[in-house]
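A quick write-up on the structure given underneath.
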Amino acid sequence: MDSLIIFTDNTKRDFVITSSGLMMIAIASATKPILGGMASAVMIIGIMLISSSVLLMASQIKHIYDTNPNFLTDYNYDPYRKNIYVGIGLCSILTLLIIYSLYTLFT
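Here you go:
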């Protein structure tokens with residue numbers, strides 16, 4: 288159970304990193320005609336923030352599965368299972384956003 292408590296505490300940090308990265312990408316996309324090359328630098332910083340957030344979240348999820356191998360079948364973990372599934376989904380969506388942002392950056 289300790290790894291689940293650590294996971295929930297670390298999601299606060301991940302939220303701040305993810306939201307700041309999303310803000311930077313949104314600002315860079317909206318002001319690209321005005322800022323020009325500076326918007327590309329802001330977008331790269333936003334992509335790096337989101338990438339670090341995805342890596343942190345994925346490593347936390349892997350740590351939970353490593354420390355609790357019966358996580359999927361044990362009924363004691365039911366309240367936490369949805370949070371882990373949402374974390375996996377968020378990692379997937381953010382990875383797609385990173386790929387799309389890199390695509391738009393270099394085209």
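Heads up: the sequence shown runs through residues 288 to 394, numbered per the numbering used here. Heads up, the beta-carbon is just placed ideally off N, CA and C, and yes, glycines get one too.
Three-state secondary structure assigned by DSSP to residue i
| i | result |
| --- | --- |
| Pro356 | coil |
| Thr394 | coil |
| Asp365 | helix |
CB of residue i within 8 Å of CB of residue j, strictly
| i | j | result |
| --- | --- | --- |
| Ile421 | Ser388 | Nothing in the structure corresponds to residue 421, since the chain is present only between 288 and 394. |
| Asn370 | Tyr364 | no |
| Ile351 | Leu291 | yes |
| Ser338 | Ile385 | yes |
| Ala317 | Met330 | no |
| Gly324 | Ile348 | no |
| Leu383 | Ser340 | no |
*asked:* Which runs of the alpha helix (DSSP H) at least 4 residues long sit entirely within the region 307–333? Give them in chain order.
replied: 319–322
*Do the region 300–309 and the region 332–347 meet, that is, are 3 or more Cβ pairs less than 8 Å apart?*
yes
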